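Trainee: Sharing a structure, written as C-alpha cells. Questions coming.
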Amino acid sequence: MKKFKGNNIFGAIVFTLFAAVLAAGVYWKNHTEPINVPYVDFLKSVEEGNVSLVTLTDESSLKYTLAGEGAEYITENPRSPTLKEELLKQGVSVSEGGAFSNSGALMSVLFFCAVLFMIYKVSSRQNPKTAMVLNVSDVSESGERYPAFDDIAGNEEAKESVRDVVDFIKNPDKYARYGAHIPHGMIFYGPPGTGKTLMAKAIAGEACVPFYAVSGSDFVQMYVGVGASRVRDLFRKARENKKAVIFIDEIDALGKKRGASPQGGNDEREQTLNALLTEMSGFSNSEGIIVIAATNRLDTLDEALLRPGRFDRQIEIGLPDLNARRSILNLHIKNKPISKDVDMGSVAKQTVFFSGAMLENLLNEAAIFAAKRTAESIESADIDRAYYTVIAGSEKMDRSGIKERERRVTAYHEAGHALAAKLLSPENTVAKITIIPSAKGAGGFCINIPPDKMYHTKSEIENQIMINLAGRVSEELTFTAENVTTGAGNDIEKSISLARDYIDRYAMGSGFVFDEKSSRDAMRKLLDELYARTMELLLNNQNLLIAISEELLNRETLNEDDLDRIIGAANRP
Ligand code: ATP
Numbered sequence: 063m064k065k066f067k068g069n070n071i072f073g074a075i076v077f078t079l080f081a082a083v084l085a086a087g088v089y090w091k092n093h094t095e096p097i098n099v100p101y102v103d104f105l106k107s108v109e110e111g112n113v114s115l116v117t118l119t120d121e122s123s124l125k126y127t128l129a130g131e132g133a134e135y136i137t138e139n140p141r142s143p144t145l146k147e148e149l150l151k152q153g154v155s156v157s158e159g160g161a162f163s164n165s166g167a168l169m170s171v172l173f174f175c176a177v178l179f180m181i182y183k184v185s186s187r188q189n190p191k192t193a194m195v196l197n198v199s200d201v202s203e204s205g206e207r208y209p210a211f212d213d214i215a216g217n218e219e220a221k222e223s224v225r226d227v228v229d230f231i232k233n234p235d236k237y238a239r240y241g242a243h244i245p246h247g248m249i250f251y252g253p254p255g256t257g258k259t260l261m262a263k264a265i266a267g268e269a270c271v272p273f274y275a276v277s278g279s280d281f282v283q284m285y286v287g288v289g290a291s292r293v294r295d296l297f298r299k300a301r302e303n304k305k306a307v308i309f310i311d312e313i314d315a316l317g318k319k320r321g322a323s324p325q326g327g328n329d330e331r332e333q334t335l336n337a338l339l340t341e342m343s344g345f346s347n348s349e350g351i352i353v354i355a356a357t358n359r360l361d362t363l364d365e366a367l368l369r370p371g372r373f374d375r376q377i378e379i380g381l382p383d384l385n386a387r388r389s390i391l392n393l394h395i396k397n398k399p400i401s402k403d404v405d406m407g408s409v410a411k412q413t414v415f416f417s418g419a420m421l422e423n424l425l426n427e428a429a430i431f432a433a434k435r436t437a438e439s440i441e442s443a444d445i446d447r448a449y450y451t452v453i454a455g456s457e458k459m460d461r462s463g464i465k466e467r468e469r470r471v472t473a474y475h476e477a478g479h480a481l482a483a484k485l486l487s488p489e490n491t492v493a494k495i496t497i498i499p500s501a502k503g504a505g506g507f508c509i510n511i512p513p514d515k516m517y518h519t520k521s522e523i524e525n526q527i528m529i530n531l532a533g534r535v536s537e538e539l540t541f542t543a544e545n546v547t548t549g550a551g552n553d554i555e556k557s558i559s560l561a562r563d564y565i566d567r568y569a570m571g572s573g574f575v576f577d578e579k580s581s582r583d584a585m586r587k588l589l590d591e592l593y594a595r596t597m598e599l600l601l602n603n604q605n606l607l608i609a610i611s612e613e614l615l616n617r618e619t620l621n622e623d624d625l626d627r628i629i630g631a632a633n634r635p
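Residue numbers (the working numbering): 63 to 635.
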C-alpha cells in the first residue's frame, strides 16, 4: 500500500467530480425524460384503471406511471384538495413525494458530492500522511534484496538469540511436536541506528518469508477504529502467506505506559494496541508468523505489552564495541576504493559511541568528499572531514561574521580541554580539536574519547570533570574572570551531572548521601576543588596552552599527532 501523500485537495476534487458524474449518470440512466400528456388523457387513463402510481407535490405538474410500463408521464397538477381521495377511491396508489424535477435531483446529487468532499478534506487535514491509509512496506513486493545475518556486523549476541526463531519459522511443526512454542512477539531495543530494522529484515531473509513493516507512529491520529482495522488487514495479509515477519517500528507510539503520554489517554491508540494483541494471541503454535517490534526506550513501554504470550522476548541491540565497529567499517568499505594511508583500526578507535548507521554515514560522506575531488580513492583527509560532518553537522560556510576576539576565546577554550585531556588522561584519544564553528551552533570542539571500559574509577571521573571544566578555566586564566563567556554552558551541565553521579549514585564523596541538602553541599565542594585543581594544572602548563591555542588560530583544526608534536617540542630541553 502506498502512503496517501500531498495533493490531497486535488485528489479530493478529482474524486468528487468522478462521483458526481457517476451519480448523475446513474440517475439519468434510470430516469429517462417523462412524457408530457394533457390532463384529460391522464383522467382517461385513471378511469380505465391503467394508472398504477401518482406522485403528488405542490408543484405545477404531477407525475404518474402506467401499470406494466416503466415510462413516466407528467401532466398539469390541478392542486385540488380532493384529488388524492378520488385517486385512492379508483384504486390508484398515491405517493406524496418531494420535488421530482431534474434540477431537484441534480441538487441532491451535488449535495451528496459536497458532503463527500467535506469528509475527504477534513480527513486529509487531520493527518495528511495517514488519515485514511496506513503505510505498510512489503519488501517481498518491492523486489528489494533481503539482507542475511552476514550483512550484520557485530551484534553477535542478538544474532544468536534469534537463530532459533528463524528455524521455527522454517519448521514450525518441529517445535509444535515437542509442545514448544516460540515467542509470538519479540522486541528489539537500543539506540537509534544500531541495526534493529536490519536484524528484523535479516530474520525474514534467512527464513525466506515476506517482511511487512509498519511504524507505530503511523497509527496515531487515525480515526477511531481505522488503526484497529488496519492491524487486522495487515495480519490477514501475513496469514495469506502462511509465514511472515511483521515489523512494527516505534512501538512506543502505540504502547507507551498509560499516563506517560502528555496528551493523556488516546482511544485510537488503545484500540489499535488491543487489536494487535488480540491478533497475536490468535496465533496457533504451528503458525510461522512472528511479530517484531522496535523501540529506543524499553522502559517507556506499557507492561501489558511485555507479558508472556505477547512481546515476551526482549533483545538488546546496543552500540557497537571496538571490534564490532571495525567489522561494520570493513563491511561498508567493501564497495569503496580506499587509500592505503587509511588505518581502519584507528578510525574504529576514534568512533566510540558511533552507531552502525553513523559509521555507514561516515564512510558515505568520505566517499562523497573523494568523489568531489575526483580522487583515485578515499583518503584519511576525506574521513577526517566526514567525521566532522557526522559529529557536528556540516562546517559553517560563512564565517565572515566571527570576530577575531571570538576566535581567540574559542581557541583558548578548546585548547584548555585538549591540554587537560592530554595531561590527565593520556590513555584517552583526543581525536580532533577545531575552532571551525559548526552549522549546528557549536563554536568549535575538542573530541576527547575515553577507552572502552566496563567500569570507571573515582579518579577517572574526577579527571573527566576537570577536562570538562578546563575550557572555562582556560578562558579565566587567559582573559580574566570578568571576561569568561557562555561558551562553557554545555561543559558545566556535563560537569554537574557527573558530580551528581559521583556523590549520590556512586557514593565516591565522603560517604553515603541521603538528603538533598547534603548532596548539594558535597557537589559544590567537589566542583570547587576540581575547578581549583584544573586552574593549577593549566597555570603550571601555560606555555603549552598558549602554544596549542596559537597553532589552532593559525590552522583552525589539529589532530592528535599535532598535539603530541606541540607538547613534545615544548617539553624538549
Ligand atoms: P532506528 O532506531 O533509528 O529505527 P535501527 O536501529 O532500526 O534505527 P537500522 O535502520 O537497522 O537501525 O540501521 C540503519 C543502517 O545502518 C542499516 O541499514 C545499515 O546499513 C547500518 N547498520 C546499522 N547497524 C549495522 C550493523 N550492525 N552492521 C551493518 N550495518 C549496520
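By construction, the Cβ of each residue, glycine as well, lies at the ideal position given by its N, Cα and C atoms. Model, not experiment: these values are computed from the prediction.
Got a sec, what are the start and stop residues for the alpha helix (DSSP H) I495 sits in?
Mentor: Premise fails: I495 lies in the beta strand (DSSP E), T491 to T496, not in any alpha helix (DSSP H).
Trainee: According to DSSP, is L105 helix, strand or coil?
Mentor: Reduced to three states, the DSSP call for L105 is helix.
Trainee: Tell whether a beta-carbon distance below 8 Å holds between T127 and S157.
Mentor: It is not a contact, given that the beta carbons lie outside the stated cut-off.
Trainee: Expressed to the nearest angstrom, what Euclidean distance is found between the alpha-carbon atoms of I629 and R562?
Mentor: About 33 Å.
Trainee: With hydrogens ignored, establish whether the beta-carbon of L393 is closer than 7 Å to any heavy atom of the ligand ATP.
Mentor: Yes.
Trainee: By how many angstroms is the C-alpha of V575 removed from the C-alpha of F373?
Mentor: Roughly 39 Å between the two C-alpha positions.
Trainee: Should N525 be labelled buried (16 or more other beta-carbon atoms within 10 Å of its own) or exposed?
Mentor: By the neighbour-count rule (16 or more Cβ atoms within 10 Å), N525 is buried.
Trainee: So if DSSP puts L124 in a beta bridge, which residue, or which two residues, is it bridged to?
Mentor: DSSP lists T137 as partners of L124.
Trainee: Does the Cβ of F415 have 16 or more other Cβ atoms within 10 Å, making it buried, or fewer, making it exposed?
Mentor: Exposed is the call here.
Trainee: Does the beta carbon of I379 fall short of 7 Å from some heavy atom of the ligand ATP?
Mentor: True, at least one ligand heavy atom lies under 7 Å from that Cβ.
Trainee: Look up Y474 in the DSSP assignment and say whether it is helix, strand or coil.
Mentor: Helix at Y474.
Trainee: DSSP state of T596, grouped into three classes?
Mentor: In this structure, T596 counts as helix in the three-state DSSP scheme.
Trainee: Can you determine whether any heavy atom of the ligand ATP sits closer than 7 Å to the C-beta of G317, and answer yes or no?
Mentor: False, no ligand heavy atom lies under 7 Å from that Cβ.
Trainee: By DSSP, does F576 sit in helix, in strand, or in coil?
Mentor: Coil, per DSSP.
Trainee: Using the DSSP secondary-structure output, state which residues sit across from F273 in a beta bridge.
Mentor: Its beta-bridge partners are V307.
Trainee: What is the DSSP secondary structure of N117, reduced to helix, strand or coil?
Mentor: The question names Asn, yet the displayed sequence has Thr at residue 117. Correct three-state label for T117: strand.
Trainee: Say the cut is 7 Å; is the CB of D311 nearer than that to a heavy atom of the ligand ATP?
Mentor: Yes, the ligand ATP has a heavy atom inside 7 Å of this Cβ.
Trainee: Can you find the residues in the same chain that come closer than 7 Å, C-beta to C-beta, to K146, ignoring five residues on each side of it along the sequence?
Mentor: The residues are L118 and V156.
Trainee: By the DSSP assignment, the beta strand (DSSP E) with L363 in it spans what residues?
Mentor: No beta strand (DSSP E) holds L363; DSSP gives it neither H nor E.
Trainee: Pull up the DSSP beta-bridge partners for L620, would you.
Mentor: Answer is I495.
Trainee: Quick one: Cα of T619 to Cα of P499, how far?
Mentor: Going by the C-alpha atoms only, they are around 11 Å apart.
Trainee: Which residue or residues does DSSP assign as beta-bridge partners of G247?
Mentor: Bridge partners of G247: V353.
Trainee: Please report how far the alpha carbon of G247 lies from the alpha carbon of G371, in whole angstroms.
Mentor: Taking the straight line joining both Cα atoms gives about 8 Å.
Trainee: Is it the case that the Cβ atoms of F281 and T334 are separated by a distance below 8 Å?
Mentor: Yes, the pair counts as a contact, with Cβ atoms nearer than the cut-off.
Trainee: Would you say the beta carbon of G216 comes nearer than 7 Å to a heavy atom of the ligand ATP?
Mentor: G216: yes, Cβ under 7 Å from the ligand ATP.
Trainee: Given a threshold of 16 other Cβ atoms within 10 Å of its Cβ, counted over all protein chains shown, does I265 qualify as buried or as exposed?
Mentor: Buried, since its Cβ has 16 or more Cβ neighbours within 10 Å.
Trainee: Can you say whether M642 is buried or exposed, counting buried as having 16 or more other CB atoms within 10 angstroms of its CB?
Mentor: A question about residue 642 goes unanswered here, because the residues of the chain that appear run from 63 up to 635.
Trainee: Whole angstroms are fine: how far does the CA of E537 sit from the CA of V471?
Mentor: Near 7 Å, if we compare the C-alpha coordinates of E537 and V471.
Trainee: Run the CB neighbour count on S107, radius 10 Å, all protein chains shown included, and call it buried at 16 or more, exposed below.
Mentor: Buried: at least 16 other Cβ atoms inside 10 Å.
Trainee: Give the single residue among K465, G506, L599 and Y568 whose Cα lies nearest to the Cα of I529.
Mentor: That would be L599, whose Cα lies nearest to the Cα of I529.
Trainee: Does the beta-carbon of A419, which I'm using as the reference point, lie nearer than 7 Å to any heavy atom of the ligand ATP?
Mentor: Within the cutoff, so yes.
Trainee: To which residues does DSSP link S157 through a beta bridge?
Mentor: Paired residue(s): T117.
Trainee: Taking all protein chains shown into account, do 16 or more other C-beta atoms lie within 10 angstroms of the C-beta of T357, making it buried, or fewer, making it exposed?
Mentor: By the 10 Å Cβ count, T357 comes out buried.
Trainee: Alpha carbon to alpha carbon, how far is V409 from R469? Give it in angstroms, no decimals.
Mentor: Whole-angstrom Cα-Cα distance: 29 Å.
Trainee: With DSSP collapsed to three states, give me the class of K258.
Mentor: K258: helix per DSSP, three-state reduction.
Trainee: I509 lies in the beta strand (DSSP E); which residues open and close that run?
Mentor: F507 to I511 is the span of the beta strand (DSSP E), which, as asked, contains I509.
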